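Top to bottom, those sequences are chains A and B. Offset between the first sequence (1-based) and this note's numbering: plus 2. Offset between the second sequence (1-based) and this note's numbering: plus 876. Take a look at the structure set out below.
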Amino acid sequence: MEFIQLLISGAALGCIYALIALGFVLIYKATETVNFAQGELMMLGACTGYLLMLWFKLPFLWAALVSIVGMAGFGMLLERAVIRPILGQPQFTVVMLTIGLGYITRGLVTMLPGIGTDTHVLDVPYRGQVWKLGTLVLSAEQGAVIGITLALCLGLFLMFKYTKLGVAMQAASQNQLAAYYMGIPVRRLNGMVWGLSAAVATVAGLLLAPITFVHVNMGFIGLKAFPAAVVGGFGSLPGAVVGGLIIGIVEALAGFYLPEGFKDVAAYVVVLLMLILKPSGLFGEKQRKKV
Amino acid sequence: MRFIFRTSYSQDYGLAQHNGHLFWYGLLLAALVAAPWLVGSYWTSQLTFVLIYAIAGLGLMVLAGYTGLVSIGHAAFLGVGAYTQAVLTGQGWSFPVALAASAGLSAAVGVVVGLPALRVKGIYLAVATLAFGFIVEEVMARWEHVTGGNAGLSVKAPAMFGWTASSAPAFYLLVLGVCLIVTLAVLNLLRSSTGRAFIAIRDSEISAQSMGIHLAHYKTLSFALSAAIVGVAGALYAHKLRFISPEQFGIAQSIDLLLLVVVGGLGSVHGAFFGAIFLITMPQFIALFKNWLPPAIGQAAGLQAVVFGIVLMGFVLFEPTGLYGRWVKLRTYLELFPTYRRGMFRRQKTFQKSERVR
């Protein structure tokens, strides 16, 4: 029972990692750039939701909806203003650029009245409720994380499989030039991918907020989503979800069965092992060298 | 405008291209040696930090700027060097011996990281070094009977041959000496065949390999050398602060080091020094201007992060060659005064190296 309880709490945390990792992978697949500010986008999304509830007294669902839409717009704006001008330069450039972006976001959020450097409670309607199944205790926050992540993954799957937009995004990520020749507006799609990824990050932030509270440094959890994305194989959407779950569960188990300190590095040990044993990840494509 | 008339081959690969170099760098060295007596004790201390960070920057420059392998966990090597130095000098080892041991251990750790790094590239390498940095930080915090854990560890003043660098100017001169040796070593490394192999790997791995450069060997060597140099910087850092604790060697420090090399100018030795000056003096400038800003902005905790972020983004977007690139442009403008043309340094279109299978 204890073990299953650990699995559930690990899976709940893993879902958050999975959502952030999904954001990385979406952007990586579309533009082959890595967004180091994904955790900060998540933090910004959670803060937007919190501020909407604080300033405009919106109910939670409306605040969530407005912040998701708003952050999607912000993601597109970001792509247009900052990322597009340097597309085509080496990958490291974008890494540095997004690290700078993360710094700025974190700094600006501390200047917002009502956020500062304190921690805040996001007042969600399901806060503090628990469901009991025999000896198992499932808190509503964890249930919401797992349920909404599953729903979101299903939605993304359906979108990529059946909508015109999703198929166009797949085509652009497989071969930009060919997609361009087929009449797909690749640049506009890239902007949309950034918007989508910011929206996914916001969902992650809103789901995480009841568990860890809203504060400026909650974005650092994004650094644990990198291992998740790599374990699944960077560039594979199902891989990101599976990788996130693996990292979350390993972390929960390590926190319980291993001495203190292993919990914090479990994700990194797993990713180093993965890179040594199978560098392309669980679902990654096999890399060939071509001259 | 100076026209260099070369009359022998040794001029081509000499360290100083012409007598002007010798004169100006000699003058700079003389000024640096005299600095503790010219500026106050506060600025001597800041200069010491600049030199220490310049050494660390040189280390990362060898790896990121010249071999093209980006590490987001380099503070770990700084930490390994610092803790080795602290423990060994605590047991009464002489400063130079302990310094060599710090560099050696750091290099050994660098080889260990370098091994998995050989198989991965780009973002995978960044994640591998990031993971390694976190693991080392955790080890430093948990291995309490050696490192003192989160409570930290105090460090003695450097002592050798019966002499102790206990005063600030003495320590400054010691750091200056080490910095000079490291700089000359890096300059010499870069004009040797090893350094040229590094640069070839940075520009194109495939063509480097085709020319007979053993990738695994040179990448590991680059990791080891870079780690050793950063380890030396870490050892000096420990002596400077006299107190070290694991959180000084976390991800924030790693990103500061990256900021240093990018703002200074990737792929230039000068860049490491410019970057170090930037990194140390920027907080001072922010502190100066803070009082003129409205209190809501000026007193916010995140002001420094915002400024650093803006500077970093500005350099990446508008001046990818960093402060050193800006300086080269300025110098050329002055040298050619009326005839400088726009776009003289415009780079050819760069292309992203795709990691995808086509």
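Just so it is clear, CB atoms sit at the ideal spot from N, CA and C, and this is done for glycine as well. The structure displayed is predicted, hence computed values, not measured ones.
Within chain A, the residues Val232, Phe236, Leu277 and Pro281 have their CB atoms less than 8 Å from the CB of tyrosine 1000 of chain B, given in chain order. Taking 4 residues as the minimum length, the alpha helix (DSSP H) runs contained wholly in the region 1107 to 1195 of chain B are 1127 to 1140, 1145 to 1166, 1171 to 1174 and 1179 to 1194, in order along the chain. In this structure, the beta-carbon distance from tyrosine 259 of chain A to proline 229 of chain A does not fall below 9 Å. Identification of residues in the region 1181 to 1209 of chain B having a C-beta nearer than 9 Å to some C-beta of chain A yields Ala1181, Val1182, Val1183, Phe1184, Gly1185, Ile1186, Val1187, Leu1188, Met1189, Gly1190, Phe1191, Val1192, Leu1193 and Pro1196, given in sequence order.
In the structure shown, the three-state DSSP call for methionine 184 of chain A is coil. Per DSSP, the beta bridge partners of histidine 122 of chain A are A/Val216.
At a cut-off of 9 Å, the C-beta of alanine 269 of chain A has a neighbouring C-beta in chain B.
For valine 97 of chain A, there is no enclosing beta strand (DSSP E); the enclosing alpha helix (DSSP H) covers residues 93 to 113. The straight-line gap separating the alpha-carbon atoms of glutamate 262 of chain A and glutamate 1020 of chain B is approximately 13 Å. Per DSSP, the unbroken alpha helix (DSSP H) holding tryptophan 1203 of chain B starts and ends at 1198 to 1211. Leucine 1097 of chain B and isoleucine 1120 of chain B have their C-alpha atoms spaced approximately 28 Å apart. According to the DSSP assignment, serine 1069 of chain B belongs to the alpha helix (DSSP H) that extends over 1069 to 1079.
Proximity of chain A to glutamate 1014 of chain B at the Cβ level (cut-off 8 Å) is accounted for by Gly263, Asp266 and Val267, in chain order. Closest in alpha carbon position to serine 1130 of chain B, among B/Phe1010, B/Pro1159 and B/Trp969, is B/Phe1010. According to the DSSP assignment, lysine 997 of chain B belongs to no beta strand (DSSP E), since it is labelled neither H nor E.
The beta carbon of arginine 1222 of chain B does not come within 9 Å of any beta carbon belonging to chain A, so the residue lies off that interface.
For proline 992 of chain B, the nearest CB of chain A lies under 9 Å from its own CB, placing it at the interface with that chain. In the pairwise beta carbon analysis, the region 950 to 962 of chain B is classified as touching the region 975 to 983 of chain B: at least three pairs are separated by under 8 Å.
For the pair of segments examined, the region 1045 to 1057 of chain B was found to touch the region 1096 to 1115 of chain B: the number of CB pairs separated by less than 8 Å reaches three. By the Cβ test, the region 79 to 90 of chain A is not in contact with the region 1156 to 1164 of chain B, since fewer than three Cβ pairs between them sit closer than 8 Å. Residues of chain B with a Cβ closer than 9 Å to the Cβ of arginine 108 of chain A are, in chain order, Gly1178, Ala1181, Val1182 and Gly1185. The Cβ atoms of leucine 99 of chain A and isoleucine 88 of chain A sit closer than 9 Å to each other. The region 880 to 932 of chain B contains, as complete alpha helix (DSSP H) runs of 4+ residues, the segments 885 to 889 and 895 to 914 (chain order).
For glutamine 1180 of chain B, the CB contacts under 7 Å within the same chain, skipping 5 residues up- and downstream, are Pro1159 and Ile1162 in chain order.
Within chain A, the C-beta atoms nearer than 7 Å to that of isoleucine 1131 of chain B come from Ile101, in chain order.
Residue B/Glu1014 holds the alpha-carbon nearest to the alpha-carbon of glycine 1025 of chain B among B/Thr1059, B/Glu1014, B/Arg1222 and B/Ala1041. Residues Gly1141 of the same chain have their beta carbon placed closer than 7 Å to that of threonine 1197 of chain B, with the five preceding and five following residues left out of the count. Interface criterion not met: the Cβ of phenylalanine 1165 of chain B is under 9 Å from no Cβ in chain A. Of all residues in the region 82 to 101 of chain A, those with a C-beta nearer than 8 Å to a C-beta of chain B are Val84, Pro87, Ile88, Leu89, Gly90, Gln91, Pro92, Gln93, Phe94, Thr95, Val97, Met98, Leu99 and Ile101, reading in chain order.
Excluding sequence positions up to five before and after alanine 930 of chain B, its CB lies within less than 7 Å of the CB of Cys1055, Ala1148, Phe1149 and Ala1152, all in the same chain and listed in chain order. What proline 229 of chain A touches in chain B, judged by beta-carbon distance under 8 Å, is Val1003 and Ala1007, going in chain order.
In terms of beta-carbon proximity, isoleucine 1162 of chain B stays away from the interface with chain A, with every pair separated by 9 Å or more. Per DSSP, reduced to three states, the secondary structure at alanine 1035 of chain B is strand. In the DSSP assignment, leucine 140 of chain A forms a beta bridge with A/Trp133.
Of A/His217, A/Gly104, A/Gly241 and A/Ile186, the smallest CA-CA separation from glycine 283 of chain A is found for A/Gly241. Scanning chain A for C-beta atoms nearer than 8 Å to the C-beta of phenylalanine 953 of chain B yields nothing, as the closest lies near 16 Å away.
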